[in-house]
Structures are given as structure tokens and as C-alpha cells.
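Residue numbers (numbering that gives the first Met the number 0), protein chains in the order written: chain A, 0 to 218; chain B, 0 to 218. Beta carbons are placed, not taken as given, at the ideal position from N, Cα and C, and that holds for glycine. First comes the structure, then the notes that go with it.
There are 2 protein chains.
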Amino acid sequence: MRPRRGVAGVSETSQQPDASQRASAKSDLTRQRVLDAAAQIFARRGFSGTTLSDIAKAAGLKTGSLYYHFASREDLVAEVMARGVRQVAESVEAALAALGPEARPIERLRTAVEQHLLCLLERSDYARANTKLSSEVPPHLRSLHAANEEIYGALWKDLLAQAAAAGEIRSDLSLSAVRMLMLGAMAWAPEWYRPEAGPARDLARTFSEMTFAGLLPLR
Amino acid sequence: MRPRRGVAGVSETSQQPDASQRASAKSDLTRQRVLDAAAQIFARRGFSGTTLSDIAKAAGLKTGSLYYHFASREDLVAEVMARGVRQVAESVEAALAALGPEARPIERLRTAVEQHLLCLLERSDYARANTKLSSEVPPHLRSLHAANEEIYGALWKDLLAQAAAAGEIRSDLSLSAVRMLMLGAMAWAPEWYRPEAGPARDLARTFSEMTFAGLLPLR
DNA sequence: GTCTATATATCGATAGAC
DNA sequence: GTCTATCGATATATAGAC
Chain A
0 MRPRRGVAGV SETSQQPDAS QRASAKSDLT RQRVLDAAAQ IFARRGFSGT TLSDIAKAAG
60 LKTGSLYYHF ASREDLVAEV MARGVRQVAE SVEAALAALG PEARPIERLR TAVEQHLLCL
120 LERSDYARAN TKLSSEVPPH LRSLHAANEE IYGALWKDLL AQAAAAGEIR SDLSLSAVRM
180 LMLGAMAWAP EWYRPEAGPA RDLARTFSEM TFAGLLPLR
Chain B
0 MRPRRGVAGV SETSQQPDAS QRASAKSDLT RQRVLDAAAQ IFARRGFSGT TLSDIAKAAG
60 LKTGSLYYHF ASREDLVAEV MARGVRQVAE SVEAALAALG PEARPIERLR TAVEQHLLCL
120 LERSDYARAN TKLSSEVPPH LRSLHAANEE IYGALWKDLL AQAAAAGEIR SDLSLSAVRM
180 LMLGAMAWAP EWYRPEAGPA RDLARTFSEM TFAGLLPLR
């Protein structure tokens with residue numbers, strides 16, 4: 000049987016909260032283990048390079064057992080992707096919040112760039128899996144996922160629009176082209192980045208320097 | 000039976016050049032049709048999203064017939080990828096040659112950027128297929144392909160190194176990081192670019208402007 | 001909840017007729 | 001050269017024991 004989900008699976012009127020919570024806790028823990036394994040493997044081998052048996056083995060289960068936790072492979076993929084967007088969004092939003100309300104738009108934009116890239120490179124298997132999966136996944140899953148990406152994309156539109164409105168970035172370039180080019184450069188980074196070549200922080204700095212000040216010699 | 004390849008399949012001592020050329024021409028034409036169909040479909044649906052029967056159908060053949068022209072799916076993929084790198088390299092090299100020998104390094108670099116992106120966006124299914132496949136393909140194929148990419152990568156290393164040596168771009172940034180970030184931004188572009196949003200030339204201009212002059216207001 | 005066993009589908013690849 | 005037919009491997013998914 001499949002466990003009830005929603006509202007964290009906790010029955011509000013239960014007389015034995017401990018028992019019901021413990022039962023749900025075991026299921027949730029396994030489910031989490033499966034998701035973590037899936038995110039890690041999807042991030043490395045991509046959508047079609049990853050089978051359910053790969054994931055089950057990494058999570059210490061047999062393939063058939065996955066269907067207790069997920070209705071289908073698509074459902075599992077969709078949840079990994081949703082978590083991926085959410086983790087990046089939360090990372091970036093937290094860093095922006097830490098800047099405080101008096102931060103200038105350009106500083107907020109630079110913070111977003113560096114956090115997005117750091118999250119992708121060294122913080123989250125889910126984030127890496129999401130970017131990789133989003134370019135491989137069949138149209139059906141892609142459109143299911145579009146709404147999540149849209150919300151995060153709106154944050155970037157705002158950051159760029161406000162920087163432009165404040166005159167802190169150029170206004171003669173298409174902001175949507177700029178946004179996609181920046182996100183693209185970062186999305187591709189996990190494909191070639193090797194930690195041995197240097198810390199991710201340095202790469203993030205290089206990227207924001209190149210993006211904001213450009214490659215031409217400083218005047 | 001498989002047709003002889005190499006030296007364009009033409010027998011130098013044949014008494015009936017017409018006949019032998021016509022025979023090889025038919026095979027070569029079909030082979031070309033298969034490759035074109037494969038490049039187009041791989042570019043759109045990726046490695047695992049594309050089956051041999053998809054390709055055969057698009058080329059007007061049955062699946063089994065593909066094996067007359069290619070020994071395996073891997074061989075077909077490898078040839079599509081090899082052509083992809085070659086087409087981009089030839090596009091860029093032709094544009095560089097057209098600049099003439101007196102062109103300054105920064106101008107050569109800008110030309111390479113714009114040609115690379117244009118080739119990816121609107122010139123070549125093979126180029127698009129190659130970038131998409133290279134991030135999906137199993138390790139075995141990836142290393143087979145590494146040598147081709149290495150050669151093209153060397154062209155970019157040269158362009159950047161010479162621009163830096165001439166003092167025409169900044170020397171305080173890691174050139175290899177810069178190179179990969181630029182190639183990555185362009186590699187991702189086919190994923191989101193829609194011709195309705197504007198000509199590819201404009202996008203190429205936006206990218207080179209952003210890369211060289213940066214997003215900060217012009218001083 | 002997880003297991004084993006199996007149904008079902010599909011893909012890459014091969015063999016042989018034409 | 002292309003076809004039809006089919007083999008063998010592997011993947012997702014299901015059923016039922018424990």
C-alpha cells in the first residue's frame with residue numbers, strides 16, 4: 000500500500016502521535032534516500048543514462064521497491080527536478096535577504112550570479128540534476144516543469160530590470176537575451192568544471208567579473 | 000554487403016567510371032540522407048530520446064536498412080558528432096581567414112564568438128547535435144570524441160592567448176575559465192533560442208558586447 | 001515496506017529473401 | 001541496397017509472498 004501524503008502525513012487527531020510519526024518517518028527516510036541517490040546519479044549520467052535499478056542499488060533497495068515510494072519513473076524525475084529549482088531559488092533568495100534592504104541592485108545581481116553558480120557547482124546534486132535533466136527530458140515532463148522554472152526566472156527578470164532602471168547596467172542590450180546567456184553559461188559549467196582546477200568561488204568571481212566588467216582591459 | 004569506403008569509393012583503374020560512380024553515388028546519397036536526418040533528430044531530442052527507427056523513418060528507410068550504411072548506432076552517433084565539430088571549426092576558420100592577416104587579435108576573437116554562435120543557432124544541425132550529444136553520450140563515445148574537441152579547443156586557446164599577449168583583453172582572469180564560460184553560454188543557447196524573438200545575428204551581437212564590454216554602463 | 005518473480009514493451013542488432 | 005522477421009538484452013512496471 001502507498002502511504003498517505005500531504006500535510007507531512009501526520010494525522011492531526013491521532014492519539015499515538017509517536018507511533019504514526021515513527022511509521023511515517025521510516026518511509027520518509029527511505030524516500031529521501033531514494034531521492035538523494037537519484038539526484039546524484041541523474042546529475043552525473045543524465046536522464047537516459049540512468050535506470051531505476053541504478054537508483055535502487057545506490058539507495059540499497061531492489062528495483063520493484065521503488066514503486067512503493069513513487070508511482071512511476073516520471074514522478075521520481077519530476078520530484079528531483081522540482082527540488083532542484085527550489086534549492087537554487089532558496090540559496091539565491093537567502094543570500095539576497097542577507098544583503099539587507101539597502102543593497103544596490105547591481106550588488107544584488109552580482110550576489111545572485113555567484114550564489115546560483117556556487118549552488119550548481121558544489122552545493123546541490125538536485126540543482127545539477129535539474130539543469131541536466133531539463134535539456135534531456137521528454138516534452139511532457141518539460142512542460143510539467145515549466146511553471147517552476149518560470150517562477151525562478153521571474154526573480155532574474157526582476158534583478159535585471161531593477162539594475163537597468165537604476166542605471167547600474169547598460170540599457171542597450173536585450174535583458175532577456177542577457178538573462179538566458181548568463182543562465183546558460185552557468186548551466187553548462189558543471190559539465191566541464193573540475194574542482195582540482197581551483198575553487199568554485201574563484202570561478203564564480205571570474206564569471207561575474209567577465210559578465211559585469213567585460214574582457215576588455217580596465218580603463 | 001558493405002560498400003568500400005575511402006578515396007570516395009572510386010576505383011581509379013575502372014573502365015566504366017560512370018557505372019561505378021553511379022553505384023557509389025546512390026549509396027553515398029542515402030548515407031548522407033541518414034546522417035542529415037540523424038543530426039536533425041539528435042539535435043532536437045538528444046541521445047536517448049532518439050531511436051534508430053526514428054532516424055530510419057525520417058530518412059525513408061526501415062530500421063534494419065541502416066546497418067548497411069553504419070555498423071552500429073554508436074558509429075552513426077560518432078560520425079554525426081565528428082561532422083558537428085568540423086562544421087563549426089570550418090565556419091569559424093573561414094571567417095577568420097576572411098578577416099585577413101592584419102586583423103587585430105580582439106577582432107579575431109570577436110569574429111570567432113559570433114561565427115560559433117551563428118553556426119550553432121542557424122547553420123548546422125550537426126553542430127547542435129554535437130553539443131547536445133556531447134553532454135549525454137556514454138563515456139566510451141565521449142573519449143572517442145575528445146580528440147576532435149581538443150583540436151577545436153586549441154583554436155580558442157590561441158585566440159584568447161594572443162589577445163591577452165597583445166594587451167587587448169584583461170590578463171587577470173583565468174583564460175581557460177573564460178574560454179569554457181563563453182563556449183558554455185553558446186552551447187546552451189540552442190536550448191532556449193527562438194527565431195521569433197529576433198535574428199540570431201542580434202543575439203550574437205548581444206553576446207559579444209556583454210562578453211567584451213560587460214554589462215556595466217559604458218564609461 | 002521490501003522482496004522475488006514476471007508481464008510487457010522496446011530497442012539494437014542480425015539473418016536471409018528479394 | 002532495402003526489405004521482413006526475429007533474436008536477445010534490458011527497461012519500466014505489476015503481482016503477490018513475506
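Return the chain-ordered ranges of every alpha helix (DSSP H) run that is complete within the stretch 58–135 of chain B and spans a minimum of 4 residues.
65–68, 72–98, 104–117, 124–133
- prompt: Measuring CA to CA, which of B:GLU135, B:ARG169, B:GLU208 is closest to A:GLU170?
  reply: Looking at the sequence shown, residue 170 of chain A is not Glu but Ser. With distances taken between Cα atoms, A:SER170 lies closest to B:GLU208.
Query - Contact check, A:ALA196 vs A:LEU116, beta carbons under 9 Å - result: The Cβ atoms of A:ALA196 and A:LEU116 lie no closer than 9 Å to each other.
| message | Using only the alpha-carbon positions, how far apart do A:SER61 and A:SER52 sit? | response | Here residue 61 of chain A turns out to be Lys, not Ser, going by the sequence shown. CA-to-CA, the gap between A:LYS61 and A:SER52 works out to about 7 Å.
C-beta neighbour in chain A for B:SER71, strict 9 Å:
no
Checklist entry - Taking the alpha carbon of B:THR130 as the point to measure from, which residue in B:THR205, B:GLU106, B:ARG85 has its own alpha carbon closest? => result B:ARG85
| said: Which of the three DSSP states is assigned to A:LEU215 in this structure? | reply: coil
Checklist line | Rounded separation between A:ILE150 and B:GLY63 - CA only | finding: So the two alpha carbons sit approximately 46 Å from each other.
*asked:* When you compare the stretch 86–98 of chain B with the stretch 132–142 of chain B, are there three or more beta-carbon pairs, one atom per stretch, that lie closer than 8 Å?
replied: no
Members of the stretch 132–150 of chain B that neighbour chain A once the beta carbon cut-off is set at 7 Å: SER134, GLU135, PRO137
Hey, could you find the ends of the alpha helix (DSSP H) A:LEU180 is sitting in?
-> 174–191
Check your understanding: Taking just the CA atoms, how far does B:TRP187 sit from B:ARG220?
Key -> One cannot answer for residue 220 of chain B here, as it falls past the ends of chain B, which runs 0 to 218.
Please say whether A:ALA37 and A:LEU75 have beta carbons closer to each other than 9 Å?
-> yes
Discussion item. I'd like to know if A:GLU167 contacts chain B, where contact means its C-beta is closer than 9 Å to some C-beta of that chain.
Written reply: Residue contact with chain B for A:GLU167: present (Cβ-Cβ distance below 9 Å to some residue of chain B).
Let me know if B:THR205 comes out buried or exposed under the rule of 16 or more other beta-carbons within 10 Å of its beta-carbon.
-> Buried, because 16 or more other Cβ atoms sit within 10 Å of the Cβ of B:THR205.
> Just curious, the alpha helix (DSSP H) that A:ALA145 is in, first and last residue?
Replying inline: 138–164
Shorter than 9 Å from the beta carbon of A:ASP53 to some beta carbon of chain B? Not an interface residue.
message: Does the structure place the stretch 149–166 of chain A close enough to the stretch 89–107 of chain A that three or more beta carbon pairs sit under 8 Å?
response: A contact exists between the stretch 89–107 of chain A and the stretch 149–166 of chain A.
Report task. Classify B:LEU159 as buried or exposed, calling it buried when 16 or more other Cβ atoms lie within 10 Å of its own Cβ. Result -> buried
Could you list which residues in chain B have their beta carbon closer than 8 Å to that of A:TRP219, in chain order? No answer is possible for residue 219 of chain A: it lies beyond the span of chain A, which begins at 0 and ends at 218.
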